[in-house]
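A short worksheet on the structure shown next.
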Amino acid sequence: MHIDLHNHTNYCNHATGTMLEYIEKAKKIGIDIFGFSCHAPMNFDKKYRMDFNTLPIYFDDIARLQQQSKNINKHYNDVVSSNQKSHQRVIEILSGLEVDYIMGKEYLLSNEVLEAKVDYLIGSVHFLGDWGFDNPEFIGEWKTRDIIKTWNHYLDSIQYMAKTRYFQIVGHLDLPKVFGNQMPLELFPKMEETLQILYDNNMVLEINAAGLRKAIKEPYPNYTILQKAKEIGLDITFGSDAHSVMQVGSGYEQCRDLAKNIGFTQVAIFRNKRKFLVNID
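Note that my numbering gives residue 1108 to position 245 of the sequence shown, counting from 1, and the numbers run on in steps of one.
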C-alpha cells in the first residue's frame, strides 16, 4: 500500500495547490491512501497556518472529495461486476491536521482543533518558546544557541506532547537537524526515552520525506532512530510533507525501502482516530 498522510495545501498560506490538484497527482503516482494535514489554526504565528474561519471550509472540501471518491469506488465495483473495464483509480482520502505543540504554551491548543472530527492529528514541534527553529527566517538564532540545550528542550517538548494523548502521529521527529545541527550522540539515551514515551502513549512515528529535499538529505527521523523505534515496537506511517503539488509522494520509495531494510512490514493509517495496520507492499 502506498500511503501519504502528511500533505499541505494553499489553505496553509505558505503552501500552494488546491486539494483537487493534490488528489489528481496522488492518483497519477499510485497513492492508495492519501491524507490532508494542513496546519491547524492557532493564535500564534498566524501567517503559516489556517485561521479558525477557514477550518470548516477545509473540512467541507475534504468531505466533498471523500464523497466523490466513494461514488467512483461504487461505480468501479458496478463496472467490475458487469465485466466491463474501468480506468478510474480509486483512492481513499483521510482528513487530518498538523498541530503545533509548544511546551509552556499549551493554552494555545484549542478544543475546536483537538476535538475536530478528523481521522488523525499530527503533533509536531516547530517552536521552542517563540523561536521557530526550522524556519529559514530565523536560522541565525542557531548561532546564539547551545546545541545540547536546544535538543534537550526539543526532546522535552516531544515527551510532553506525547503525554497529552491528543495526537495520533508524531511529525518529523528529529526536525532540529534540518540545517545540519544533528543531535549530539550523548543525547541518544534521551531519544530512546522519548521513543519509549511515544510508544507508551500510543503514538505512531512518521517517516517524513521532507528532509530528503533539504540540505540534510535524509528523512526524519534517521536510520539509527528508526532502528531503535523498531526495537521498542513503535508503528510507523509515511508522509511526504508536501507543500506543493509537485512534492506529493516525493521521496516515498526511499522512505519505504529504509523502513523495509530495518524490518518494518506494516504501516499505520487512521480512521476516526482509530489505528489500522496495512502491509507496506
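Built from N, CA and C at the ideal position, the CB exists for glycine as well.
Item: Same chain, Cβ closer than 7 Å to F1030, neighbours up to 5 away in sequence not counted; Value: V962, L984, I985, G986, M1024, M1066
Item: Cβ-Cβ separation, M864 to I1143 (assumed contact under 8 Å), whole Å; Value: 7 Å
Item: Local conformation of I1032 per DSSP, three classes; Value: strand
Item: First through last residue of the alpha helix (DSSP H) which encompasses C901; Value: Element bounds for C901: not the alpha helix (DSSP H) but the beta strand (DSSP E), 896-902.
Item: Own chain, CB closer than 8 Å to N873, minus 5 neighbours either side, in chain order; Value: T879, G880, T881
Item: Boundaries (first-last residue) of the beta strand (DSSP E) holding T1027; Value: Premise fails: T1027 lies in the alpha helix (DSSP H), 1010-1027, not in any beta strand (DSSP E).
Item: Beta-carbon gap between N870 and F907 smaller than 8 Å; Value: no
Item: Coarse secondary structure for G1126, derived from DSSP in three states; Value: coil
Item: Those residues which DSSP pairs with A1131 across a bridge; Value: L1140
Item: Bridge partners - S958, DSSP secondary structure assignment; Value: F899
Item: Contacting residues, own chain, Cβ-Cβ under 6 Å from H1035 (five flanking each side not counted); Value: N1071, Y1083
Item: Buried/exposed call for D1045, threshold 16 Cβ in 10 Å; Value: Sequence check: residue 1045 is Gln here, not Asp. Q1045 should be labelled exposed.
Item: Residue from A889, K933, P919 whose Cα sits closest to the Cα of M1109; Value: A889
Item: Environment of A1078 [buried if 16+ CB atoms lie within 10 Å]; Value: exposed
Item: Start-end ranges of the beta strand (DSSP E) lying completely within the stretch 960-1008, minimum 3 residues; Value: 983-987
Item: Identity of the residues DSSP links to Y1083 by a beta bridge; Value: N1071
Item: Between the CA atoms of V981 and L960 - distance to the nearest angstrom; Value: 8 Å
Item: Cβ-Cβ distance between I954 and I894 below 8 Å; Value: yes
Item: Candidates G1074, T1007, M966, L977, of which the one nearest G992 by Cα; Value: M966
Item: N873, DSSP secondary structure in three states; Value: helix
Item: Pair within 8 Å by beta-carbon distance, Y921 and C901; Value: yes
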